[in-house]
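Worksheet: the structure to be examined is printed underneath.
Chains as they are written, first to last, in this note's numbering: chain Y, 151 to 452; chain L, 19 to 173.
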């Protein structure tokens, strides 16, 4: 593969995505391998994201590599006013790869253009988080056996949710039918619906969770955050309408699985956790295998 | 030289050779000057602004003696003067007329409207893919957000 950095899921062809997912399945069978022996990976987290960072660090450690980095920009020279340009030009001398999380949008693309080593975008503000999308795809492929002809219900904050937008764009490469279930204030933005119209994929929008989920192969849950509402009364009205309970799952397909990028707050009631259809913790484990596959692919080691 | 009797040609014929850029909106004249770097060249330049135009309201015109533009250079003004027309002059005659076309990519001209974009934080040359030409819509190479005509700012 010619690609060097991974900034956006659109940087990958469908063939490259499938190769990474296939490699992730190999790592799932045999996760501990000395492929990264002698290699150092930097995790530069300019804003905290414990889950993503631990997942990357676990992936590197299982492959025999070493990790250096910082977990919060207040503990790095950024707090002294160093530019991103200078941080990247310095750190790329120490490592074989940079994993970066940064609150500014486009920072990862910029870093990838400066850096002499591959850069993996672990989230740049509200823009892209391609490794999350790849692990979502891996989880869907693994549970459904295919990425084609699936019904995906996206629930919750569809307006600001970066993960649902990326997943929508990625799944639109296959024949997917979408159901968007969101409160009025947090509906899927028009640009994504126009995009689906243009490429001829079906979607359906509703504010009601019950019933519609019976068609789903995948339910993708997201958090409905209070701070997203201009009117707190609106939030109070809808906050319980997008909570999944175990009793709501009785009519759903046997093979249906529930995904969530985590962390969860209250949108999935804990009584769902013991249901075989709950898949979000396995999804987090899949993240480690997927990141192992991404790291090795970008370094040309697999 | 009989073209001098035609008032439309009068302005054009006034330079011996060079380029006349006509139908620039009066409001964007100085942006055009800046984009083309006319404030930094030694050629003789005359311009008029707030001229009456039947089609454009108030228009501006620039005459640059001894200067000929490549398409790639001149298309850079399409964002601010989409209806501009070029007259290429040699020996007082218009030998060629050209219109501007919005290019497929825009580099180092426009500002990304997203306040959270890296290009608004560090010294990064802005780059856009033109996703719509009329009205203009630009997709930022970095933050991937769309800057539309209404929010378009020239650096």
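Heads up, the beta-carbon is just placed ideally off N, CA and C, and yes, glycines get one too. In this text, all values refer to a predicted model and were calculated from it rather than measured experimentally.
Nearest Cα to residue 315 of chain Y within the set Y:343, Y:299 and Y:415: Y:343.
By the C-beta density criterion, residue 383 of chain Y is exposed, having fewer than 16 other C-beta atoms within 10 angstroms.
Under the Cβ criterion (8 Å, minimum of three pairs), the segment 127-134 of chain L counts as touching the segment 160-170 of chain L. Among the residues of the segment 250-264 of chain Y, those with a Cβ less than 7 Å away from any Cβ of chain L are 254, 255, 256, 257, 259 and 260, in the order of the chain.
What residue 140 of chain L touches in chain Y, judged by beta-carbon distance under 9 Å, is 233, 234, 235, 254, 257 and 260, going in chain order. When secondary structure is reduced to three states using DSSP, residue 206 of chain Y falls in the helix class. Within the same chain, and ignoring the five residues on either side of residue 393 of chain Y in sequence, the residues whose Cβ sits closer than 7 Å to its Cβ are 416, 417 and 419. At a cut-off of 7 Å between C-beta atoms, residue 136 of chain L counts as an interface residue with respect to chain Y. Residue 132 of chain L reaches chain Y at 255, counting residues in chain order whose Cβ is nearer than 7 Å. Among the residues facing chain L, residue 348 of chain Y is not included, as its CB has no counterpart in that chain under 7 Å away.
One Cα belongs to residue 283 of chain Y, the other to residue 209 of chain Y, and the distance between them is close to 17 Å. Per DSSP, the beta bridge partners of residue 150 of chain L are L:155. Using a Cβ-Cβ cut-off of 7 Å, residue 425 of chain Y does not count as an interface residue toward chain L, since no Cβ of chain L sits closer than that to its own.
For residue 277 of chain Y, the chain L residues whose C-beta falls within less than 7 Å of its own C-beta are 161 and 162, listed in chain order. Non-local C-beta neighbours of residue 401 of chain Y in its own chain, meaning closer than 7 Å and more than five positions away in sequence, comprise 364, ordered along the chain. Between residue 106 of chain L and residue 113 of chain L, the C-beta gap is smaller than 7 Å, which places the two residues in contact.
Annotation: residue 238 of chain Y to residue 62 of chain L spans about 46 Å, alpha carbon to alpha carbon. Separation of residue 175 of chain Y and residue 54 of chain L (C-alpha to C-alpha, rounded to the nearest whole angstrom) is 55 Å. Taken atom to atom, the span from the alpha-carbon of residue 351 of chain Y to that of residue 327 of chain Y is near 7 Å.
Cα atoms of residue 59 of chain L and residue 84 of chain L: separation of roughly 11 Å, rounded to the nearest angstrom.
Fewer than three pairs of CB atoms, one per stretch, sit closer than 8 Å, so the segment 157-174 of chain Y makes no contact with the segment 212-224 of chain Y. Per DSSP, the continuous alpha helix (DSSP H) segment holding residue 292 of chain Y begins and ends at 280-294.
Within the DSSP secondary-structure output, residue 40 of chain L pairs in a beta bridge with L:103.
Shortest Cα-Cα distance from residue 162 of chain Y to any of Y:323, Y:399, Y:406 and Y:370 involves Y:323. Under a 10 Å Cβ-count criterion, residue 329 of chain Y is classified as buried, with 16 or more other Cβ atoms of the shown protein chains found around its own Cβ.
Looking from the CA of residue 42 of chain L, the closest CA among L:34, L:71 and L:36 belongs to L:71. With fewer than three CB-CB distances shorter than 8 Å, the segment 366-385 of chain Y does not count as touching the segment 256-265 of chain Y. Judged by beta-carbon spacing, residue 436 of chain Y lies within the 7 Å limit of residue 285 of chain Y, meaning their Cβ atoms are closer than that value. Cβ contact annotation for residue 47 of chain L (same chain, cutoff 7 Å, sequence separation greater than five): 65, 67 and 78, in chain order. Under a 10 Å Cβ-count criterion, residue 289 of chain Y is classified as buried, with 16 or more other Cβ atoms of the shown protein chains found around its own Cβ.
Around the beta-carbon of residue 397 of chain Y, fewer than 16 other beta-carbon atoms lie within 10 Å, marking it exposed.
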